[in-house]
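Novice: Take this structure, written in structure tokens, and hold onto it; I'll ask about it next.
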Amino acid sequence: MDYAFAPQPPVGVAVLGTRARYPVRRVYCVGRNYAAHAREMGSDPDREPPFFFCKPGDAVVPVDAGAVLELPYPTQTAELHHEVELVVAIGRGGRDIVAGDALDHVFGYGVGLDMTRRDLQQTMRKAGRPWEIGKAFDASAPLGPLQRSAPDARATIELAVNGQRRQSGSLDQLIWSVPETIAHLSRYFELQPGDLIFTGTPEGVGAVVPGDLIEARIDGLGELGVRIAAR
Ligand code: MN
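For the sequence shown, position 16 matches number 15 in numbering that gives the first Met the number 0, and the numbering has no gaps at all.
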């Protein structure tokens, strides 16, 4: 096919143990999937179930093993927040996937950051408007290498800023488990290979400023390093 100009190639995420990279199609994110984080954001997890929002595929910034990403502080915010998340990479598509089959659709797992312009997200939330300017900005989704095998169901998920722990939780605290998340999502969208799911963040989200070093990790999935750079 002739395009009017050369299309952008997909973002390619490192896959441990191979030189081939995982081509990103879409990024789905789960909101308020840990009860304690739902409470710190002012909602009641017993009354409001988790929900989905999206980021563009090219908001993903791959961070290879052992590297520290220099992430520019984004424009138009004075409150850039970190959210460490387990990321599930889809390898086989489908719709109306049942939870019992969901793990057969997974390619691999990684450690990601759902970076958030919290001030803009809150402003839009109060106004009942879409969250894109708070959530879907350029480079808002740093992602470490994918691993083909799953982390332990009770693996620790945590994040430190400048060596101080800010977020800490366990994957068994997810309100929607990974299979349940895939099942829910596939009722609304036909999943395809290349789709990433950011599964939500535990409590302890907070602001970072230029110069800060973020170290995010999930037991068994390795570590993701990000240095916040000046604008
Ligand atoms: Mn999030």
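Where is the CB? At the ideal position from N, CA and C, for every residue including glycine. In this text the structure is predicted, and so the values were computed from the model without any measurement.
Rounded to whole angstroms, what's the CA-CA distance from N32 to P48? Just pull it up for me.
Specialist: 8 Å
Novice: Name, in chain order, the residues that DSSP records as bridge partners for Q146.
Specialist: Y108
Novice: To the nearest angstrom, how far is it from the Cα of R24 to the Cα of I196?
Specialist: Between the alpha carbons of R24 and I196 lies a gap of roughly 11 Å.
Novice: Rounded to whole angstroms, what's the CA-CA distance from G234 to G65? Just pull it up for me.
Specialist: It is not possible to answer for residue 234, since the shown part of the chain is limited to 0 through 230.
Novice: Is the beta carbon of T200 less than 8 Å from the beta carbon of V83?
Specialist: The answer is yes: Cβ separation under 8 Å.
Novice: Name the two residues that bound the continuous beta strand (DSSP E) containing R216.
Specialist: L212 to I217
Novice: What number of angstroms, rounded off, separates the C-alpha of V67 from the C-alpha of N161?
Specialist: 13 Å
Novice: What are the complete beta strand (DSSP E) segments, minimum 3 residues, inside the stretch 76-103?
Specialist: 79-81 and 83-89, all fully within the stretch 76-103.
Novice: Pair every Cβ in the stretch 42-59 with every Cβ in the stretch 208-228, then say whether three or more of these pairs are closer than 8 Å.
Specialist: Result no; under three Cβ-Cβ pairs closer than 8 Å.
Novice: Straight-line CA distance for P9 to L173?
Specialist: 29 Å
Novice: State the Cα-Cα distance for the pair E78 and A98, rounded to the nearest angstrom.
Specialist: 37 Å
Novice: Hey, I217 and P150: beta-carbon distance below 8 Å or not?
Specialist: yes
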